[in-house]
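A short worksheet on the structure shown next.
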Amino acid sequence: MVEHVFNADSSGSVVLNLTLPLGRITVTVDRELERARVILRTEDTTGPGADAVRRATTQHSGRQMSVQVPEIPGAVMMSGNGGGSRITQTASTVAFGQTVTGLTFVNGRLITAGTSMPTIRPIDAIVTLPAQSSLAVVTTSADTTVHGKLARLTVHSVSGDVTAMTAHVLEAHTTSGDIEAEIVTGELLAHSVSGDVRVLSYRGDTANATTTSGDVHLTATAEATGFITAQSVSGDVKVTGARHLNPRVRSVSGYALAH
19 MVEHVFNADS SGSVVLNLTL PLGRITVTVD RELERARVIL RTEDTTGPGA
69 DAVRRATTQH SGRQMSVQVP EIPGAVMMSG NGGGSRITQT ASTVAFGQTV
119 TGLTFVNGRL ITAGTSMPTI RPIDAIVTLP AQSSLAVVTT SADTTVHGKL
169 ARLTVHSVSG DVTAMTAHVL EAHTTSGDIE AEIVTGELLA HSVSGDVRVL
219 SYRGDTANAT TTSGDVHLTA TAEATGFITA QSVSGDVKVT GARHLNPRVR
269 SVSGYALAH
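All you need for my numbering is the position in the sequence shown, starting with 1, plus 18.
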């Protein structure tokens, strides 16, 4: 295992900017924590994945903290139990038995290699943040999971999912990932091409949730104010608890329901 630890220069809440091309991001917001910490970890001990963890960098400027893991060009990431349940190459995920740019995998094992491409295990980013912190993530294919309440969560991802407990502001853009939050208390801006958008308790003042082929499910509370827009091209759209807001819901080929 290779591990690289970064600690914030000062105590208190931070605005963390995290760049992780491939892997998993797990965030815990701890009210008792004094300083933000980011632990990067991989089971690889050699190779491009381990090198990327070692070469990760950080910058600090006031409350701003940045951690960046360098790109691994053309990397194939194998993840899951028992030899891997998913294979990800840069910006694409495929099933076993398929060929990815000259690579053939069967049950998680590399069988042929038409070209030389690095195979890595996931890089885990284990993040702990003090209360009132914010997080901005840029990733190609890393799932982001947040436990606790963030002031702001911003995620730009190609194929990674976004799962948040509570955020005052949630802004998430994905191509094939799902976006899900338990509670949003301020602004919601969520867009996915083929993933779903789901918010279990929306209490904010502005919501815009759109997908192309995914579904949108949003449940508002009596505390919600302002505008709600929920749209999909071929997915289903359902907004509940928002009659007092006259939500705008639309789907071209799926159903659109507001009540």
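For glycine and all other residues, C-beta sits at the position ideal for the given N, C-alpha and C.
From a predicted model like this one, the values you see are computed outputs, not experimental measurements.
- Put simply, the backbone Cα of Leu263 is about 34 Å away from that of Leu34.
- Take Asp196, set aside five residues on each side of it, and the residues of its chain with a beta-carbon closer than 6 Å to its own are Asp179, Gly213 and Asp214, in chain order.
- The closest CA to that of Leu58, considering only Val45, Thr247, Thr237 and Leu188, is found on Val45.
- The beta carbon of Ala276 sits closer than 7 Å to the beta carbons of Val257, Ala260, Pro265 and Val267 from its chain, once the five residues preceding and following it are set aside; these are given in chain order.
- Cβ atoms of Val94 and Thr137 come within 8 Å of each other, at about 5 Å.
- His165 has Thr46 as its beta-bridge partners, per DSSP.
- Per DSSP, reduced to three states, the secondary structure at His262 is helical.
- The shortest C-alpha to C-alpha distance from Thr224 to any of Thr243, Leu218, Ser210 and Val234 is the one to Thr243.
- Counting the other Cβ atoms within 10 Å of the Cβ of Leu188 gives 16 or more, which makes it buried.
- For Gly272, the three-state secondary structure derived from DSSP is coil.
- Residue burial is scored here from C-beta neighbours: Gln249 has at least 16 other C-beta atoms within 10 angstroms and is therefore classed as buried.
- When only Cα atoms are considered, Met183 and Thr203 end up about 11 Å apart.
- In this chain, the beta strand (DSSP E) harbouring Ala185 covers Val180 to Thr192.
- Ranking Ser177, Thr158 and Ala149 by CA distance to the CA of Val164 puts Ala149 first.
- For the 8 Å CB-CB criterion, Ala274 and Val251 do not form a contact.
- Put simply, the backbone Cα of Gly67 is about 15 Å away from that of Thr157.
- Of the candidates Leu171, Asp62 and Gly80, the residue whose Cα lies closest to the Cα of Arg72 is Asp62.
- Within a 10 Å sphere around the beta-carbon of Thr75 sit fewer than 16 other beta-carbons, which makes this residue exposed.
- Minimum Cα-Cα distance from Gly80 among the listed residues Arg53, Pro91 and Val87 corresponds to Arg53.
- Of the residues Val20, Ser269 and Val270, the one whose Cα lies closest to the Cα of Ile141 is Val20.
- A residue is called buried once 16 or more other Cβ atoms fall within 10 Å of its Cβ, and Val217 is buried on that count.
- Taking each of Phe245, Ala26 and Ser194 in turn and checking the Cα distance to Thr229, the smallest one comes out for Ser194.
- Residues of the same chain with a CB within less than 8 Å of the CB of Val270, apart from the 5 flanking positions on each side, are Ser250, Val251 and Ser252 in chain order.
- Annotation for Ala70: Val87, Pro88 and Ile90 place their beta carbon closer than 6 Å to its own, counting only its chain and skipping 5 residues before and after.
- Under the DSSP definition of a beta bridge, Pro148 partners with Asp48.
- Note: Val173 is bridge-paired with Val155 and Ala190 in the DSSP secondary-structure output.
- The residues Glu189 and Asn226, in chain order, have a CB closer than 6 Å to that of Leu207 in the same chain once the five nearest residues on each side in sequence are set aside.
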